[in-house]
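Structure record follows, encoded as C-alpha cells.
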Amino acid sequence: MSAQPLTDFSRLCVHTITTKPWSIEEATDRYGAAGVRGVTVWRQWLEGRDIARVGASLRAAGIEIVSLCRGGFFPAVDAARRRAAIDDNLRAIDEAAALGAPLIVLVCGADPGQPLDQSRGQIADGIAAMLDRADAVGVKLAIEPLHPMYADSRSAINTLRQANDMCDRLGSPSVGVAVDVYHLWWDPDLQGEIERCGRAGRLFAFHVCDWRTPTEDLLNDRGLMGEGCIDVRQIRGWVEQNGFGGFVEVEIFSNRYWAMDQGEFLERIKQAYLDHT
Numbered sequence: 036m037s038a039q040p041l042t043d044f045s046r047l048c049v050h051t052i053t054t055k056p057w058s059i060e061e062a063t064d065r066y067g068a069a070g071v072r073g074v075t076v077w078r079q080w081l082e083g084r085d086i087a088r089v090g091a092s093l094r095a096a097g098i099e100i101v102s103l104c105r106g107g108f109f110p111a112v113d114a115a116r117r118r119a120a121i122d123d124n125l126r127a128i129d130e131a132a133a134l135g136a137p138l139i140v141l142v143c144g145a146d147p148g149q150p151l152d153q154s155r156g157q158i159a160d161g162i163a164a165m166l167d168r169a170d171a172v173g174v175k176l177a178i179e180p181l182h183p184m185y186a187d188s189r190s191a192i193n194t195l196r197q198a199n200d201m202c203d204r205l206g207s208p209s210v211g212v213a214v215d216v217y218h219l220w221w222d223p224d225l226q227g228e229i230e231r232c233g234r235a236g237r238l239f240a241f242h243v244c245d246w247r248t249p250t251e252d253l254l255n256d257r258g259l260m261g262e263g264c265i266d267v268r269q270i271r272g273w274v275e276q277n278g279f280g281g282f283v284e285v286e287i288f289s290n291r292y293w294a295m296d297q298g299e300f301l302e303r304i305k306q307a308y309l310d311h312t
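Next up, the structure:
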C-alpha cells in the first residue's frame, strides 16, 4: 500500500549535489528561503571552508544537517590504496563531527581487477576500521547499495539483501542502510528486505528521485519524482511502515537540471515532492 501524500516540507531534505551549481553558502540561503528543512552535504562543498562554521550557518538558517556524503570506496587490488581509503574515511568522520552531521553515507566501492566477493570482504574490513572513531564522536554509517550497473567500480554492494548481510556481518548498531529508490526500485525482494531493515532498526536514510525512460546517461540523467517509472510513494510507504520517520532526501544527478536556473529547479523539486513522493 502506498503512503499518504506529503502535505508540507517539514521532512524535505535536498542534497547539495542536486543543486550542483550552487556553493554551500548559496544553497544555505536558497534552501532556507524555500522552506527546505534538511540538507545532506557532499564533502566537496566543504573544501577550503571552516566546516564548523558551515554547520552553524546551516542551523542558523533553520536547516537540519541530515548526513555527510560520501565515504566508502574501500576496495582496491593494491594494499596502499586500501589504506589510503580508510584514512580518507577517518577524515570523513572528523568532517561529519565538525559539521554536526549524525550520519555518513557510504558508497562502498569496487575494483574491476578482482572478484566481487573479494571487494565485499575489503568493504567489511574498511567499515570495521571506521567504527571506533565513528562511535567516539557519535556518527553513524549508512551502507548505500547501488544499482548493479555500478558493480564494476562504484559498489560491490548492489542489493538491499547484500547491505543487510553486511550489517549482520559487522554486528554494530552504528551501521545501517540508506535506501535509494534509484538503485533499488527494480529488486523483487525490496519490500521484504526493507522489513528486515525495520526489524533490525537499521533504516538510517531514504533517498528519492526517478528513473527516466529512456535514460540518456546512467549516472547523470536522474529524473524528478513522477518523471519516470519508479513508484516512489509505494517505497516510501514500505520504509515508513517499518519504522522510518526521517527526512525524505532528494538526490538528483542531472546534466539537464544542472543547466537550468537552480531556483526554478528547486521549485520543481518542491512540487514533485508533494505530488509524487
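Numbering (the working numbering) for the sequence shown: 36 to 312. The C-beta atom is built at its ideal place from N, Cα and C for all residues, glycine as well.
Query raised in the report: A213 and A177: beta carbons closer than 7 angstroms?
Result: Going by C-beta atoms, A213 is nearer than 7 angstroms to A177.
Requested in this report: For my contact list, V74 and L93 are in at a C-beta cut-off of 8 angstroms; report their separation, rounded to the angstrom.
Outcome: A Cβ-Cβ separation of about 6 angstroms places V74 in contact with L93 under the 8 angstroms criterion.
Report task. For L254, collect the residues of the same chain with a Cβ closer than 7 angstroms to its Cβ; drop the 5 residues on either side in sequence, then sort them by chain order. Result -> Same-chain partners within the cutoff: F288.
Report task. Leaving out five residues on either side along the sequence, give the residues of the same chain with a beta carbon under 7 angstroms from the beta carbon of W293. Result -> Within the same chain, Cβ atoms closer than 7 angstroms to the Cβ of W293 are found at K55, P56, the five residues on either side in sequence being excluded.
Query raised in the report: Can you tell me whether V172 is buried or exposed, with buried defined as 16 or more other CB within 10 angstroms of its CB?
Result: With fewer than 16 other Cβ atoms from the protein chains shown falling within 10 Å of its own Cβ, V172 counts as exposed.
Query raised in the report: When the Cβ atoms of the segment 70–87 are set against those of the segment 154–163, are three or more pairs found closer than 8 angstroms?
Result: Short answer: they don't touch.
Query raised in the report: With 16 as the cutoff for other CB atoms within 10 Å, does Q297 come out buried or exposed?
Result: Buried.
**Report entry** W80, enclosing alpha helix (DSSP H) - first and last residue
**Finding:** Where W80 is concerned, there is no enclosing alpha helix (DSSP H), given that its DSSP letter is neither H nor E.
Query raised in the report: So E284 and H311 are in contact, right, with Cβ under 8 angstroms, and what is the actual spacing, rounded?
Result: Not confirmed; about 15 angstroms, so no contact.
Query raised in the report: Under 7 angstroms between the Cβ atoms of R168 and V140?
Result: In this structure, V140 does not lie closer than 7 angstroms to R168 by Cβ.
Query raised in the report: The alpha helix (DSSP H) spanning I300 covers which residue range?
Result: According to the sequence as given, residue 300 is Phe; it is not Ile. Per DSSP, F300 belongs to the alpha helix (DSSP H) from 297–311.
Requested in this report: Under 7 angstroms Cβ to Cβ from R204, same chain only, skipping five residues before and after it: list those, please.
Outcome: Result list for R204: A159, in chain order.
**Report entry** Helix, strand or coil at R88 according to DSSP, with G and I counted as helix
**Finding:** Here R88 sits in helix by DSSP.
Query - Boundaries (first-last residue) of the beta strand (DSSP E) holding S102 - result: Element bounds for S102: 99–107.
Requested in this report: Within its chain, find whatever has a CB closer than 8 angstroms to the CB of G97; leave out the 5 residues flanking it on each side and keep chain order.
Outcome: Within the same chain, G97 has close Cβ partners G67, R72.
Query raised in the report: How would you call S45, buried or exposed, if buried means at least 16 neighbouring beta carbons within 10 angstroms?
Result: The residue is exposed, with fewer than 16 neighbouring Cβ atoms inside 10 Å.
Requested in this report: Please say whether L138 and K175 have beta carbons closer to each other than 7 angstroms?
Outcome: Taking 7 angstroms as the Cβ cut-off, K175 and L138 qualify as a contacting pair.
Requested in this report: Can you tell me which of the three DSSP states D187 falls into?
Outcome: Three-state result, D187: coil.
Query raised in the report: Under the three-state reduction of DSSP, which class applies to E284: helix, strand or coil?
Result: Three-state result, E284: strand.
Query raised in the report: Can you check whether the CB of E228 is closer than 7 angstroms to the CB of N331?
Result: There is no way to answer for residue 331, as the model of the chain reaches only from 36 to 312.
Query raised in the report: Start and end of the beta strand (DSSP E) containing H242?
Result: It spans 238–243 - the beta strand (DSSP E) in which H242 sits, taken as one unbroken run.
Query raised in the report: For the candidate residues A95, A120, R65, T250, whose alpha-carbon lies nearest to that of A164?
Result: It is A120.
Requested in this report: Measure the Cβ-Cβ separation of V112 and G144 and say whether it is below 7 angstroms.
Outcome: Judged by their CB atoms, V112 and G144 are not nearer to each other than the 7 angstroms cut-off.
Report task. Using DSSP bridges, identify the partner residues of R257. Result -> Looking at the DSSP assignment, R257 forms a beta bridge with W246.
Query raised in the report: Can you tell me where the beta strand (DSSP E) with I158 in it begins and where it stops?
Result: DSSP places I158 in no beta strand (DSSP E) but in the uninterrupted alpha helix (DSSP H) bounded by 151–172.
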